[in-house]
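Heads up: the structure comes next, in structure tokens.
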Amino acid sequence: MKLAVVVQRYGADINGGAELHARYIAQRLARRVSVDVLTTCARDYVTWKNDLPAGEQQVNGVRVLRFPVDRERHPHEFGRRSVRVFERTHSIQDELDWLDSEGPTSTALVRHAARHAAAYDYFLLFSYRYYHAFHVARRVASKAVLVPTAERDAAIGVSIFAPVFRGVRGLMYNSPEEHAMIRAVSQNDSVPGVVVGVGSDVPDRADGARFRRKFNVRRPFAIYIGRIDENKGCGELFSHFQRYSAAFPRGLDLVLVGHPIIEVPKHPRIRHLGFLDDADKFDALAAADLLIMPSYYESLSMVALEAWGLGRPVLANGRCDVLKGQCIRSNAGLYYESYEEFVEGLYSLESNGPLNARLGRNGREFFNRHYAWPVIERKYLDMFERLSRAEPPDAMAPLPSWLARRTRDVPPAADVLARVPSGPALTPRAADACGRSA
Amino acid sequence: MSDFHVRSENVDVEQIMRQIRARIRDKRGVDYTEDEIRELANVKLEKFLDPKGIRSDLLQQYRRAREADTAPRNYAFEDTTLYASSRPLLRTIRRLLNPLLKLFFNPNPLIEALHIQSGLNESYNRSEALYYELVHNLVLETTRLGVEVKTLKMRLESISSRIDFDERRARALEGVVQYRPGAAAPLQPPTGQGNDLDNDGNERRNRRRRRRGRRRPVGSEHGAPTLDHASSGTEDLQSDFRGERRTEAPVTPKPQSGESGPVPPKPQSDASGPVPPKPQSDASGPVPPKPQSGASGPVPPKPQSGASGPVPPKPQSGASGPVPPKPQSGEGG
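Heads up: the protein sequence lines correspond to chains A and B, in order.
Under numbering that gives the first Met the number 0, the first residue of the first sequence is numbered 0, with each subsequent residue one higher.
Under numbering that gives the first Met the number 0, the first residue of the second sequence is numbered 0, with each subsequent residue one higher.
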């Protein structure tokens, strides 16, 4: 079997959520099947500037083919088009223009995929909302397996994506919440799909003491790992933590790991360590009492899975359906929607608190049962095998005619999203994280 | 914070969250969700903006300023605006000729700039309303504070005049006593409860004695030694101020005391016979009220337990400042 992994950016040092997800999957599947990665020359996800050379390259033993991006993203133009598509009644053409302005607009990549479709059994397409995934899915629909990595934002309500969700061969979801959301916007029940997620190379034993020595961390602490950004809920986290630290002088400290986009408050109990390599990151998780995930929008929190893999409980933002659902399904984390709940959660999950050990144990078990690499690999291979036995689906619905594309009768994407049911997917079917659909 | 009731290994996160929320509700006292609280805050803001509730002409001035400003508040500018027309044919022609237009100049920066300006205008309009609201709220608060300051000033003046009056009266009484050294009995200034105590505490002692007489009529019934003498008045006074329980001599300084019954015992007595109480042992006659420390000012009422002033509530842990809320069991550490 030969597989093409198509992703917007790819590299050993590129650590965006979907990109890391794609790299892990490509490297793992490369042990079982032949894998090529089709990607762009971009490193920066804001501009899609061609930073890397086009052509063939090997990354951790995987063949990577890079294609140039035709034009960089213009943030103002993209913002303007986003407002039109998300908030106003618009046309299909507006949506296509929005997709072009979002990028990465690499026609060479799309052309290559279409020309060499016969050379691959399946195309594993990451991130539904980008140019490459949309156009490759349309060109090679009969071989396209989509990993949507969809979050609950207005892009899911853009109407051009619904035919893609209905027209690909299969879907690999990250969570039951994502599955439910996509099913609600596209009615794609007939498309085979499975909730998979992604694994992580969590070490069997991490050395928390080494981390404490290296970074001179003495007090018990909660940790946040990821981009320090307002969109990730870090502003609210800082606000809550500063109130908490004023009220509880002997409570937990906060350690931050990751690149800062917003300013980290100068506070004696907040330590920012910057970006850490995997060894330090896992040691830090092992040393922490708990992990805090303040993000509002996640399709799957890999770092939460890693924390559970190391037996650490998670305190998540309860306004994120996926995180809340994961906490409930795993019984390994609490969630907060207010400052009071944040404080109570921190108190309960302290290492000498009443719940830390129990939830940590549940987390490790949840990770091993659903997110260990053998489980993930088996789900992917089973899906490919299942698709090879299944009848080829109907062709993907074509785009409307030239005139119809320009008719402004498409409702705002935000309105579509507002009609999608929210909340964690806790039905018996969804609660089984391995549950298949269709 | 209290621990959770986790009875088995199979914890249920949803149940724990329910417990957490119940505890938060108990603390708050009212079960408001976050959304409800936000709604209440919005209602409050709207109330501030209600013209009926405004006590100044700020809103009228603001409205006049807005009406005087005839400039449009904002406009919408998209990339199609330049070529827009109510006539579809004209719009189509313009669009067709667009490539030709682009040969002469690039309209994109213009479109972009005007679009940004439109956004800025909108932002300005929004912030203008917010500033108005802020200023208006400040005016209201300042008015409220002004009224409060006036009230406090009046109360302060009233209290200081009462203090002044009391001081003058006390001095006048002292003057009366000085000019009439041989007067029969010191008059208690009729100033209320604080004067239940005379300078030496005699009146209070008598009252206490009467009460005890009623409460413990027969001391010897319990095997206490029979009283046959009384201690000196000084001892009585000291003992009174120490707050000791003591038995007293059967004094009858006033007819209404009615102490004709059995005499309560007095263990420490060593005097030879019943002696009427003497506030000061060396006084030869009726003693005028005397300040304890020789101060010439008014004598403050004396606390019963020797404290020098009202005792403030004591913090439980000896902290001198406000103590922040603490979890009931160990907070990390």
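Beta carbons: idealized from backbone N, C-alpha and C, even for Gly.
In this text, all values refer to a predicted model and were calculated from it rather than measured experimentally.
Next item on the list: Taking C-beta pairs closer than 9 Å, name the residues in chain A that D25(B) reaches, listed in chain order.
Entry: By Cβ distance, chain A contributes nothing, its closest Cβ being about 11 Å from D25(B), past 9 Å.
Note to self: According to DSSP, is S117(B) part of a helix, a strand, or is it coil?
What the structure shows: helix
Check: Taking any Cβ of chain B, which residues in the region 346–363 of chain A have a Cβ under 9 Å from it, in chain order?
Finding: Y346, S347, E349, S350, N351, G352, P353, L354, R357, L358, R360, N361
Item checked: Rounded C-alpha distance that separates P185(B) from R161(B) -> Low confidence applies to P185(B): its pLDDT is 49, below 50, so where it sits in the model is not reliable, and the reading given next is rough at best. If you take the alpha carbons of P185(B) and R161(B), they lie about 24 Å apart.
Check: In chain order, what residues of the region 201–214 of chain A put their CB closer than 9 Å to some CB of chain B?
Finding: none
Item checked: Segments assigned alpha helix (DSSP H), at least 4 residues, entirely inside the region 353–386 of chain A -> 355–369
Notebook entry, point to check: Can you pull the DSSP bridge partners for L124(A)?
Noted result: V5(A), L145(A)
Notebook entry, point to check: Under the three-state reduction of DSSP, which class applies to A221(A): helix, strand or coil?
Noted result: strand
Notebook entry, point to check: Which bits of chain A does R22(B) rub up against, with CB to CB less than 8 Å?
Noted result: E343
Checklist line | Where E150(A) falls: helix, strand or coil (DSSP) | finding: coil
Check: Nearest to R137(A) by CA position, among D393(A), A11(A), F383(A), R407(A), is which residue?
Finding: D393(A)
Margin query: Would V10(B) and R328(A) be called neighbours here (beta carbons separated by less than 8 Å)?
Written below: no
Item checked: Beta-carbon gap between V5(A) and H134(A) smaller than 8 Å -> no
Checklist line | Same chain only: Cβ atoms within 6 Å of G166(A), ignoring 5 sequence neighbours per side | finding: A140, M395
Item checked: Short CB-CB distance (under 8 Å) between I269(A) and chain B -> no
Next item on the list: Please report how far the alpha carbon of D99(A) lies from the alpha carbon of E339(A), in whole angstroms.
Entry: 44 Å
Note to self: What would DSSP say about Y335(A), mapped onto helix, strand or coil?
What the structure shows: strand
Check: Using a C-beta cutoff of 8 Å, does Y334(A) count as contacting chain B?
Finding: yes
Checklist line | Contact with chain A by E13(B), beta-carbon distance below 8 Å | finding: yes
Next item on the list: Since I believe Q26(A) is in contact with S126(A) (beta carbons under 8 Å), could you give me their beta-carbon distance rounded to a whole number of angstroms?
Entry: Their Cβ separation, rounded to whole angstroms, is 18 Å, which puts S126(A) and Q26(A) out of contact at 8 Å.
Margin query: Which residue marks the beginning of the alpha helix (DSSP H) containing Q92(A), and which one marks its end?
Written below: 91–101
Notebook entry, point to check: If you pair each beta-carbon of the region 60–67 of chain A with each one of the region 34–46 of chain A, do three or more pairs fall below 8 Å?
Noted result: yes
Notebook entry, point to check: What in chain B is Cβ-close to I327(A), meaning under 8 Å?
Noted result: V12, E13
Note to self: Tell me which residues of the region 72–91 of chain A have at least one Cβ-Cβ distance to chain B shorter than 8 Å, keeping chain order.
What the structure shows: H75, E76, R79, R83
Next item on the list: Evaluate contact between the region 165–183 of chain A and the region 191–202 of chain A, counting only Cβ atoms and requiring at least three cross-stretch pairs below 8 Å.
Entry: yes
Check: So is T225(B) buried or exposed if we call it buried at 16+ other beta carbons inside 10 Å?
Finding: Residue confidence for T225(B) is low, a pLDDT of 35 falling below 50, so the modelled location carries little weight and cannot support an answer.
Note to self: Is there a Cβ of chain B sitting closer than 8 Å to that of N330(A), yes or no?
What the structure shows: yes
Check: Leaving out five residues before and five after R114(A) in sequence, what residues of the same chain have Cβ atoms less than 8 Å from its Cβ?
Finding: none
Item checked: Cβ-based contacts, 7 Å cut-off: residues of the region 118–135 of chain B near chain A -> none
Next item on the list: Look at the alpha carbon of H441(A) and the alpha carbon of V201(A), and state the distance between them as a whole number of angstroms.
Entry: The question about residue 441(A) has no answer here: the residues shown for chain A are numbered 0 through 437.
Next item on the list: Would you list the one or two residues that DSSP bridges to G54(A)?
Entry: R65(A)
Notebook entry, point to check: Between the region 298–312 of chain A and the region 270–288 of chain A, are three or more C-beta pairs nearer than 8 Å?
Noted result: yes
Note to self: So with CB distances below 8 Å, who are the chain A contacts of I19(B)?
What the structure shows: L333, E340, E343, G344, S347
Notebook entry, point to check: Taking only beta-carbon atoms, is I115(B) less than 8 Å away from chain A?
Noted result: yes
Item checked: Identified DSSP bridge partners for P259(A) -> I227(A)
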